[in-house]
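Here the protein sequences line up with chains G and U, keeping their order.
Mapping of the first sequence onto the working numbering: position 57 corresponds to residue 57, and the numbering continues sequentially without gaps.
To convert, take the position in the second sequence, counting from 1, and add 257; that gives the working numbering.
Below is one structure; the comments refer to it alone.
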Amino acid sequence: MSDARSAAATTVPALEAKDLHKAYRLRQETIEILSGLDLVVARGESVAVVGASGSGKTTMINMLGLLDRPDTGSVRIAGEDALAASGSRRAQMRNQRLGFVFQFYHLVNELSALDNVLLPARIGAPWFGWSARKAEMTARARALLARVGLAGRESHRPQQLSGGERQRVAIARALVLEPDVVFCDEPTGNLDPRTARGVQDLLLEVAPAGRAMLLVTHDEAFARRCDRVLRLADGRLRPSAADAASSAGTFASGGAA
Amino acid sequence: MYRLHLSLKFLSHHWLMTAIGSFFVGASLVILVVVMAVMDGFQERLKDTVSGASADFIVTPRFAADLDRLAVTLKSNIPQVVEASPFEQSLSFVQRTGKVDPLEDKLQYAQVYGIDGWREQAVNRFGEYLWDRRHGNRLTVQDIREPFKVYDALDAAAGTRGVIIGSGVRNELRVVVGDRIRIAALRRKKGTGSGSEAADYDQDWLVFRVVGIYESGNSEKDAHCLFLDWRVVQELWSSDLRRSSVRCKLKSSDDFDAARRALGARIETVIRDSASRPETVTGFDAALLPESWKTENQTLVRAIESEKSMILIIAFLIVVAGTSSIFAAQWLLVSDKIREIGILRALGAGVEGVMSIFVFNGFLMGLIGSVGGTLLGLFVVKKIDSVHEIVKVVTGRDVFPSDIYLFSSIPTRVNYDDVLRYSVAALFCTLIASAIPALRAGLMDPARALHRE
């Protein structure tokens with residue numbers, strides 16, 4: 001990390017969203033999903049978002065993860081205005097500043113576990129610059145796979161791994177470029193309780209180290225293990241009842257929403 | 258280089274799709290390479306046949322010329338000319354002699370060619386086209402230095418001259434070498450001045466001995482040609498019913514334009530040295546018409562070229578149809594990989610990056626098909642006669658009857674520059690065919706692609 005980035009890290013939030021609005025139009029009907037969503041996530045902080053099905057959690061992750069554009073509002077990633085950036089710059093920001101862990105793992109079946117973890121690094125490398133970085137990135141990817149408990153499974157393809165193992169590969173992939181924010185969209189939603197617990201432990205152990213984590217989940221117990229819990233309802237984020245009581249000061253100061 | 262990396266991964270993991278896409282490109286290229294090689298072979302053989310019966314450079318004077326002197330003059334004044342031979346051309350009728358069956362023995366129209374046999378075989382392939390069909394021997398003018406000489410003592414005593422007839426004439430007249438035929442010589446009646454009425458001409462039926470058969474493979478020519486000694490034609494046909502020329506062999510058949518320019522530069526010398534009466538050659542008469550076998554057979558040459566162009570277009574449409582398999586394969590691949598496209602976009606791949614993966618993929622399919630198809634096509638061309646035999650056995654039909662095409666083997670000619678062009682064009686088509694599915698992939702909404710059920 002550069003000195004400037006280190007200095008900025010101390011003051012600038014990893015993720016900041018202001019007044020996000022998003023509506024979908026279905027024939028004559030307009031369905032407003034996000035209506036003035038505000039969120040600030042500091043570096044090193046883990047934030048869980050809970051909400052009923054259809055409340056807009058995935059839409060929110062798409063907006064914050066720069067996969068879709070809100071109708072209005074602003075999103076800043078490590079202080080940079082993401083919505084004012086060009087398409088290629090947003091792609092670059094997704095590559096270098098954001099990491100994703102999805103419910104259904106979303107690994108590329110044609111690639112081995114190691115290649116899946118290396119994929120963001122390959123994408124981010126310049127046209128003929130990969131060979132220069134390959135050794136360093138491969139070592140890092142191997143170390144990450146070892147850290148998530150998959151040492152010796154590098155050459156296995158996703159079909160040869162269990163659900164929990166695939167999710168561990170996805171976590172390693174999300175972290176390989178040391179992003180500012182890791183988005184986790186129902187990361188344990190497709191796993192049995194025991195495996196889910198292991199993945200939760202891993203995420204909480206490795207993801208927030210020096211970076212922000214935004215977790216979307218239905219699992220209230222998992223959510224409570226994060227620094228803060230927010231509830232998405234009516235297109236806005238509010239502190240969940242339990243969280244509000246324990247961290248009223250933080251929200252009152254406007255630091256989160 | 259994740260683009261190439263993923264392209265290769267998709268290519269190897271979806272090998273059936275790759276094989277289908279590559280197969281159709283390859284098959285279409287096999288068709289293109291083989292068809293064009295056979296077409297080029299046919300054309301070359303046909304042009305050989307036509308040019309073999311004609312000449313590289315044909316000079317026809319408008320003035321009364323001594324053809325012997327004109328031939329010598331052209332050879333000495335035009336550097337491109339390596340040999341020159343006098344040539345007379347006229348029209349006639351021909352019939353077999355003896356008892357004539359009115360149902361079978363028709364009066365045949367004939368083109369009469371007056372040549373110097375010895376010099377003619379140096380100008381074109383006259384010698385190669387001569388046959389003694391009675392004995393089945395292929396004769397050359399070199400073997401028979403005097404091709405029109407009659408060896409029958411009685412003929413010689415009676416002044417009967419020899420004639421070489423086309424194979425088509427032989428078939429129509431039902432004669433063989435050694436038989437006699439009647440040829441009508443057309444001469445202007447004495448004292449008719451320059452009149453051109455039928456009554457101004459006499460028609461003399463003269464008997465000739467068949468001394469050889471001419472078969473060039475050009476059925477039109479073989480059906481109507483009679484070759485006589487050029488001096489005999491000059492003697493028996495009036496000058497206003499003849500076209501007198503000198504036919505030349507050039508160092509290279511491509512030298513025509515250079516030879517024409519050289520002739521233009523020395524035209525006065527050529528006229529002065531070859532005209533029977535140089536002092537009378539002025540103004541309109543002082544002209545020499547240079548032609549080649551191409552200009553002489555302009556319609557045929559153009560027909561051949563347009564036929565080749567048509568077949569090239571048709572064969573290329575087959576390649577376009579073949580490359581559409583790449584389009585279909587890529588479209589299916591993109592449909593199958595929507596979620597992966599979403600993943601790539603989420604991980605930071607741009608529109609161009611995702612597009613490149615599928616363009617590379619289609620290009621690699623096309624490359625496999627192009628290289629494989631080209632090599633297989635060249636192999637088929639090399640083994641065309643064996644392939645022809647197999648096709649004959651499998652289908653029970655002879656698709657290339659040698660008695661119709663007059664060639665004992667299928668003629669082929671591979672132009673490697675053209676083959677390279679076909680391959681590159683096929684690759685270009687695969688790029689275009691891949692571009693549309695690739696564009697679809699690139700422009701896909703990443704959020705929707707990622708959450709596709």
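We put the CB at the ideal spot given by N, CA and C, even for glycine.
Practice problem: Return the chain-ordered ranges of every alpha helix (DSSP H) run that is complete within the stretch 36-107 of chain G and spans a minimum of 4 residues. | Solution: 57-64 and 87-97
Quiz prompt | Integer Cβ distance of residue 669(U) from residue 641(U), believed to fall under 8 Å | solution = 6 Å
Practice problem: To the nearest angstrom, report how far apart residue 237(G) and residue 681(U) are at their CA atoms. | Solution: Going from the Cα of residue 237(G) to the Cα of residue 681(U) covers about 58 Å.
Quiz prompt | Residue nearest to residue 544(U) in terms of C-alpha spacing, selected from 558(U), 502(U) and 551(U) | solution = 502(U)
Practice problem: Kindly list the residues whose CB is nearer than 6 Å to the CB of residue 558(U), restricted to its own chain and excluding five residues on each side of it in sequence; keep chain order. | Solution: 551
Quiz prompt | Residues near residue 169(G) in its chain [Cβ-Cβ closer than 8 Å; skip 5 each side] | solution = 105, 107, 113, 116, 117, 145, 148, 150, 158 and 161, listed in sequence order.
Practice problem: Can you give me the Cβ contacts of residue 622(U) inside the same chain, cut-off strictly under 6 Å, excluding the 5 residues immediately before and after it? | Solution: 275, 278, 279 and 583
Practice problem: Give a yes or no on contact between the stretch 191-199 of chain G and the stretch 51-69 of chain G, applying the rule of three or more CB pairs nearer than 8 Å. | Solution: Contact between the stretch 191-199 of chain G and the stretch 51-69 of chain G is absent, with fewer than three C-beta pairs closer than 8 Å.
Quiz item: Name the residues in the stretch 103-116 of chain G whose C-beta lies less than 9 Å from a C-beta of chain U; which are they?
Solution: Those residues of the stretch 103-116 of chain G that come within reach of chain U (Cβ to Cβ, closer than 9 Å) are 104, 106, 107, 108, 109, 110, 111 and 115.
Quiz item: With a cut-off of 7 Å, does the C-beta of residue 258(U) fall near any C-beta of chain G?
Solution: yes
Quiz prompt | Where residue 704(U) meets chain G, residues with beta-carbon distance less than 7 Å | solution = 62, 67 and 68, listed in chain order.
Quiz item: For chain U, is any of its Cβ atoms less than 7 Å away from the one on residue 83(G)?
Solution: Not closer than 7 Å to any Cβ of chain U, the Cβ of residue 83(G) fails to qualify, so no.
Quiz prompt | C-alpha distance - residue 699(U) paired with residue 612(U), whole-angstrom precision | solution = 5 Å
Self-check item: Own chain partners of residue 367(U) with C-beta closer than 8 Å, once the 5 adjacent residues on each side are dropped
Solution: Here residue 367(U) has 348, 349, 350, 351, 426, 440, 481, 482 and 483 as same chain residues with Cβ atoms under 8 Å from its own Cβ, once five neighbours each way along the sequence are excluded.
Quiz prompt | Reference residue 110(G); option with closest CA among 384(U), 286(U), 264(U) and 570(U) | solution = 264(U)
Practice problem: Please determine if the stretch 490-499 of chain U and the stretch 291-306 of chain U are in contact, where contact requires at least 3 C-beta pairs separated by less than 8 Å. | Solution: no
Quiz prompt | Length-filtered (4 minimum) alpha helix (DSSP H) runs lying within the stretch 258-290 of chain U | solution = 259-270
Quiz prompt | Alpha-carbon spacing of residue 261(U) relative to residue 618(U), whole angstroms | solution = 8 Å
Quiz prompt | Per-residue burial, residue 454(U) [other beta carbons within 10 Å of its own, 16 or more giving buried] | solution = Residue 454(U) comes out exposed.
Quiz item: Counting contacts by CB-CB distance shorter than 7 Å, is residue 696(U) in contact with chain G?
Solution: no
Quiz item: Using DSSP with H/G/I as helix, E/B as strand and the rest coil, what is residue 25(G)?
Solution: strand
Exercise. Could you give the DSSP three-state label for residue 667(U): helix, strand or coil?
Key: In the structure shown, residue 667(U) adopts coil according to DSSP, grouped into three states.
Quiz item: Roughly how far, in whole angstroms, is the beta-carbon of residue 381(U) from the beta-carbon of residue 310(U), given that I think they are within contact range, below 8 Å?
Solution: Here residue 381(U) really is in contact with residue 310(U); their C-beta atoms are around 6 Å apart, less than 8 Å.
Self-check item: Environment of residue 554(U) [buried if 16+ CB atoms lie within 10 Å]
Solution: buried
Practice problem: Compute the beta-carbon to beta-carbon distance between residue 376(U) and residue 340(U), rounded to the nearest angstrom, for a pair I have assumed lies under 8 Å. | Solution: 7 Å
Quiz prompt | Selection of the stretch 585-608 of chain U by Cβ proximity to chain G, strictly under 8 Å | solution = 596, 597, 599, 600, 601, 602, 603, 604, 605, 606, 607 and 608
Quiz item: Going by DSSP, which residues form a beta bridge with residue 317(U)?
Solution: 546(U)
Quiz item: Taking the C-alpha atoms as reference points, what is the distance between residue 504(U) and residue 290(U)?
Solution: 37 Å
Quiz item: Under 7 Å between C-beta atoms, does residue 174(G) make it to chain U?
Solution: no
Quiz prompt | Check whether residue 674(U) and residue 507(U) have beta carbons under 7 Å apart | solution = no
Quiz item: Residues of chain G with CB under 9 Å from residue 707(U), in chain order?
Solution: Ordered by position in chain G, the residues that pass the 9 Å Cβ test against residue 707(U) are 62, 67, 100, 102 and 106.
Quiz prompt | Exposed unless 16 or more other CB atoms sit within 10 angstroms - verdict on residue 4(G) | solution = Residue placement at residue 4(G) cannot be trusted, given a pLDDT of 48 that sits under 50; the coordinates are not used to answer.
Quiz item: Looking at chain U, which residues of the stretch 42-58 of chain G have a Cβ within less than 9 Å of any of its Cβ atoms?
Solution: 58
Exercise. Return the CA-CA distance between residue 365(U) and residue 462(U), expressed in angstroms with no decimal places.
Key: Distance between the alpha carbons of residue 365(U) and residue 462(U) is about 13 Å.
Exercise. Measure from the C-beta of residue 95(G) to each C-beta in chain U and report whether the shortest distance is under 7 Å.
Key: yes
Quiz prompt | Members of the stretch 119-140 of chain G near chain U, C-beta cut-off 8 Å | solution = 119, 120, 122, 123, 124, 125, 127, 128 and 130
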